[in-house]
Amino acid sequence: MTGLYIHIPFCQSRCIYCDFVSSTLGAEWQARYIQALEREMQERRQENGPALARTIYIGGGTPSQLSPQNLSALFEIIKQNFSFSSEAEFTLEANPDDITPAFIKLLRQSPVNRISMGIQSTDNRTLRFLRRRHTAEQALQAISLLQEAGFHNLSGDLIYGLPGQTAEMFEKDLDTLLDTGIPHLSAYALQYEPGTALYRMMEKGDIPPEDEELSLRCYRLLIDRTAARGMQHYEISNFALPGMHSRHNSSYWQGLPYLGIGAGAHSYDGQRTRRANTADIQAYISGKARPEEEVLTDDERYDERVMLGLRTCQGIDLERLEADFGSHMLRHLMRHARPYTDSGRLKKAGEQLVLTREGLFISDAIISALLAD
Ligand code: SF4
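For the sequence shown, my numbering assigns the number -9 to the initial residue and increments by one for each residue that follows.
Structure below.
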């Protein structure tokens, strides 16, 4: 049983904040890329035997940019190389302006049952600044088209902490998006990643540095507004109505195995071995670049358990941590957790160690204090 991730690294244009593996390579590369995906799927099948996919996630890039022929071919090779039940969560990432009646018709004939859309903002000036391709109206229209067609398992992404944004503007983004009735929201503080257009703008002094105060105000709003709508804050940046959390992403946070197919995709065997495919799209297509493997040390596995556990509302399972890493590591964890449990930023709930609401605001600092020496 594995979580299957397939990466589609094509976008029509680049957003200014993006450091994902994606490119604006033309349509002629898409069919060659799908062939390369098929080759990798067959190789993995030969290596590991037939795999049962617990969840499937097609991300990018912009998977909805694939032509209907290439998207249909992709669904076909997934079916040929993996088995999955009709109940399996099958997510496709889409850009709002790709959601047309024709696209929805294609989706209805496919195994996709969950759509994740990069909305990012409901303010057109902000969307233009980010160089998103769509408008706020197109995003809302895409949601209602999908809902009318019977797709209710929808997720929207928002970004906050943007230059020129105020907490009130973000509040409006949140309310507008939540008013649509979508059951899942992912929201991220804007990061200026080196190598992006945004980072260069900051270096040239065209925009101010990241505004942590604003991000914190937006994050508080996010937690309060989603809670008022009955959403569970089940991961640092993710919120869902009961039963509507992302099963695929949750399995990453639980440390379950996953298989990543495509340029820049990562895999994990659920124990010690990680594998990373080349992020060079043309080298991936040529098949010449072999994946890089990394075997995690005990300390790296422990660190990962702490980082992933504290991201989620379940927190770190202390019994499991002791069983896997020994009582000396449990003592290490609890010794370093003490200042935060005393100040009410971490709490022990039964055998789980969990961030409190106040702890969420300084989660990075808490996590780094708890890592192995
Ligand atoms: S659509 Fe997504 S992957 Fe493509 S450039 Fe924008 S943020 Fe990056």
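Cβ coordinates follow ideal geometry from the N, Cα and C atoms, glycine included.
Using the C-alpha atoms, what's the distance from residue j back to residue i?
i: TYR209; j: THR346; result: 14 Å
i: PRO184; j: ALA266; result: 21 Å
i: ILE271; j: TYR248; result: 21 Å
i: SER176; j: ALA78; result: 21 Å
i: THR263; j: PRO232; result: 33 Å
i: HIS256; j: ALA355; result: 26 Å
i: LEU204; j: ALA157; result: 7 Å
i: SER353; j: TYR182; result: 19 Å
i: LYS338; j: VAL11; result: 38 Å
i: LYS95; j: LEU56; result: 15 Å
i: ILE24; j: GLY39; result: 21 Å
i: ASN114; j: ALA362; result: 45 Å
i: THR90; j: GLN128; result: 10 Å
i: LYS69; j: LEU136; result: 24 Å
i: SER54; j: SER333; result: 46 Å
i: GLY49; j: SER13; result: 14 Å
i: VAL296; j: GLY340; result: 17 Å
Residues in the same chain with beta-carbon distance under 6 Å from residue i, minus the five sequence neighbours each way, listed in chain order, please.
i: MET(-9); result: LEU42, ARG44
i: PRO101; result: PHE80
i: SER106; result: THR81, GLU83, SER145
Just to confirm my understanding: we take residue i, look at its own chain, exclude 5 residues before and 5 after, and list those with CB closer than 8 Å. What are they?
i: GLN342; result: GLN304, GLY305, ILE306, ASP307, LEU308
i: GLU294; result: GLY245, LEU286
i: TYR224; result: ALA230, HIS235, SER240, THR302, CYS303
i: TYR189; result: TYR182, GLU183
Specify, as a first and last residue, the run of the beta strand (DSSP E) that residue i falls within.
i: VAL344; result: 342 to 345
i: ILE149; result: 144 to 150
For residue i, report the span of its alpha helix (DSSP H) as first-last.
i: GLY299; result: 288 to 301
i: ARG237; result: 237 to 243
i: GLU312; result: 308 to 315
i: ALA339; result: Per DSSP, ALA339 belongs to no alpha helix (DSSP H); it is in the beta strand (DSSP E), 336 to 339.
i: ILE357; result: 353 to 360
Tell me which same chain residues have a C-beta within less than 7 Å of the C-beta of residue i, skipping the five on either side of it?
i: PHE65; result: SER100, PRO101
i: ARG22; result: ILE275
i: TYR258; result: PRO247, TYR248, ARG264
i: ALA279; result: THR268, ASP270, ALA273
i: ASP9; result: GLU183, GLY185, THR186
i: HIS238; result: GLY(-7), THR45, TYR47, GLU79, THR81
i: MET159; result: ASP113
i: LEU61; result: LEU96
i: LEU206; result: PHE351
i: PRO86; result: MET107, ILE109, HIS124, GLN128, ALA129, ALA132
i: TRP243; result: GLU225, LEU298, ARG301, THR302
Measuring CA to CA, which of the options is closest to residue i?
i: HIS322; options: ARG291, ALA217, LEU360; result: LEU360
i: GLY252; options: GLN32, GLU18, ALA17; result: GLN32
i: THR331; options: TYR178, LEU180, SER317, GLU348; result: GLU348
i: ILE109; options: TYR150, GLY140, SER75; result: TYR150
i: PRO153; options: ASP201, ASN143, ASP163, SER3; result: ASP201
i: GLN364; options: ILE133, GLU18, HIS318; result: One cannot answer for residue 364 here, as it falls past the ends of the chain, which runs -9 to 363.
i: ALA26; options: MET324, GLY277, ASP289; result: GLY277
i: ASN103; options: ASN143, CYS1, ARG35, GLN36; result: ASN143
i: GLY51; options: TYR292, PRO(-1), ALA126; result: PRO(-1)
i: ALA139; options: ASP169, ARG328, ARG98; result: ARG98
i: ILE197; options: GLN20, SER73, ASP88, PHE119; result: PHE119
Does the beta-carbon of residue i, which I'm using as the reference point, lie nearer than 7 Å to any heavy atom of the ligand GTP?
i: ARG4; result: In the structure shown, the ligand GTP is absent; the only ligands present are the ligand SF4.
Unbroken stretches of the alpha helix (DSSP H), 4 residues or longer, contained in the segment 82 to 141: 91 to 98, 114 to 119, 126 to 138
Beta strand (DSSP E) runs wholly inside the segment -1 to 72, at least 3 long, in chain order: 41 to 50
Complete beta strand (DSSP E) runs within the segment 241 to 285 (minimum length 3 residues, chain order): 248 to 251, 256 to 258, 263 to 266, 282 to 285
Contiguous beta strand (DSSP E) assignments of at least 3 residues, all confined to the segment 162 to 232: 174 to 179, 222 to 225, 228 to 230
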